[in-house]
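Student:
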Amino acid sequence: MSQFDPSSLFSAKGLVVVVTGGGSGVGLMISTALENNGATVYIVGRRKDVLEKAAKEHAKHGKMFPIVGDVSSRESLLSITKTIEEQVGYINLLVNNAGIFGPTIPPITPETDIKTLQKRLWDVPTTDFQQTFNVNVTAVFYCTVAFIDLLSKGNKHSIPSVTSQVITISSIAGLRRDGQQTGIAYSTSKAASIHLGKIMANMFKNYQIRSNIIAPGIFPSDMADSLGLINKEFTIDYVPVQRPGASEDMGGLVLYLATRAGAYVSGNVSLTDGGRLGLFPATY
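Residues 738 to 1021 in the working numbering are what the sequence shown spells out, letter by letter.
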């Protein structure tokens, strides 16, 4: 078999994966792509019915397993890791996908006077701002820490040349620098999650655990629907490729990173946004 045979190069067969927020939206796209290509996937979330429906409808090989849990709770994380340790004893890949949008403010325009701006920003509840960071950053850190021993053990049960890995799902919002974003807590928390992912690539290098980040643009999800991002005309000035992201866009990128194809990648931020980030002042 050629070393470039795609059935081998992009095969997830034998991988044991955990996807937080894996029952819907981007998380389900990731879980489905990996399970359909041979991985055993544990999908973690708070809604049992959503997880069970996802496993029933999207598992091609019957290897998508729901685990009800809250990634923002240390006690819940310990329970989740204990369950997986008892069942398989290791994992090869952790996908930190669970996240929330948090508080929003009305759009700021050149006509917005300083007093109005101050009030809009001041009226954001501190608890809501902090909770956004708690889920989007703090939970990513502690979820990774909770699984680090199982990730290390995964290197003894890995695809040849593919070391264990953490993939953090961030957002292009964490790279935008314009002042038109209505989710200040979300954008800053996603910037923090990007930097956390980069730090972890070096923090865990001696243990052969890689860390990479994906920064998606607009993909179908409950969050995108609630923000009105999907029900719009996808003009070239909204998303240059003129459509939202599809399951195969996200699934293809994750399969690349998770398999032999992307085994040399660590500390990287991968955009999948149809060119949208380029429409704004941004750092990438």
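Cβ coordinates follow ideal geometry from the N, Cα and C atoms, glycine included. Bear in mind that the values here come from a model prediction, so they are computed numbers and not experimental data.
Would you call the CB atoms of Arg913 and Phe838 closer than 8 Å?
Tutor: No; because the gap between Cβ atoms is not below 8 Å, this pair is not in contact.
Student: Enumerate in chain order the residues of its own chain whose CB-to-CB distance from Gly891 is below 6 Å, with the five nearest sequence positions on each side excluded.
Tutor: Cβ neighbours of Gly891 beyond the five flanking positions: Tyr827, Ile828, Asn829 and Ser901.
Student: Between Val805, Arg811 and Glu772, which has its C-alpha nearest Lys797's C-alpha?
Tutor: Answer by Cα proximity: Glu772.
Student: In chain order, what are the residue ranges of uninterrupted alpha helix (DSSP H) at least 4 long that sit wholly in the segment 937–1005?
Tutor: The segment 937–1005 contains these whole alpha helix (DSSP H) runs: 959–963 and 984–995.
Student: I'd like to know if the segment 905–920 and the segment 839–857 are in contact, where contact means that at least 3 CB-CB pairs between them fall below 8 Å.
Tutor: Result yes; three or more Cβ-Cβ pairs closer than 8 Å.
Student: Identify, in the order they occur along the chain, each residue of the same chain with its Cβ nearer than 7 Å to the Cβ of Asp1061, setting aside the five sequence neighbours on each side.
Tutor: Absent from the structure is residue 1061, since the part of the chain shown begins at 738 and ends at 1021.
Student: Any heavy atom of the ligand FAD closer than 7 Å to the Cβ of Gly760?
Tutor: Of the ligands one can find in the structure shown there are none, so the ligand FAD has no counterpart to examine.
Student: What's the gap between the Cα of Ser930 and the Cα of Glu848?
Tutor: Answer to the nearest angstrom: the Cα atoms are 33 Å apart.
Student: Cutting at 7 Å between CB atoms, please list the residues of its own chain near Gly911, excluding the five before and the five after it.
Tutor: Excluding positions up to five away in sequence, the list reads Ser924, Lys927, Ala928, Ser930, Ile931 and Ala952.
Student: Within 10 angstroms of the Cβ of Leu858, are there 16 or more other Cβ atoms? Answer buried if so, exposed if not.
Tutor: Looking at its Cβ environment, which holds fewer than 16 other Cβ atoms inside 10 Å, Leu858 is exposed.
Student: Buried or exposed, going by whether 16 or more other CB atoms sit within 10 Å of the CB of Pro743?
Tutor: By the 10 Å Cβ count, Pro743 comes out exposed.
Student: Could you tell me which of Ser898, Lys969 and Leu964 sits nearest to Val1002, measuring between CA atoms?
Tutor: The option with the nearest alpha carbon to Val1002 is Ser898.
Student: Are the CB atoms of Leu994 and Ile909 nearer to each other than 8 Å?
Tutor: Cβ atoms of Leu994 and Ile909: not closer than 8 Å.
Student: So does the segment 872–890 actually touch the segment 814–825, counting three or more Cβ pairs closer than 8 Å?
Tutor: Segments in contact, yes.
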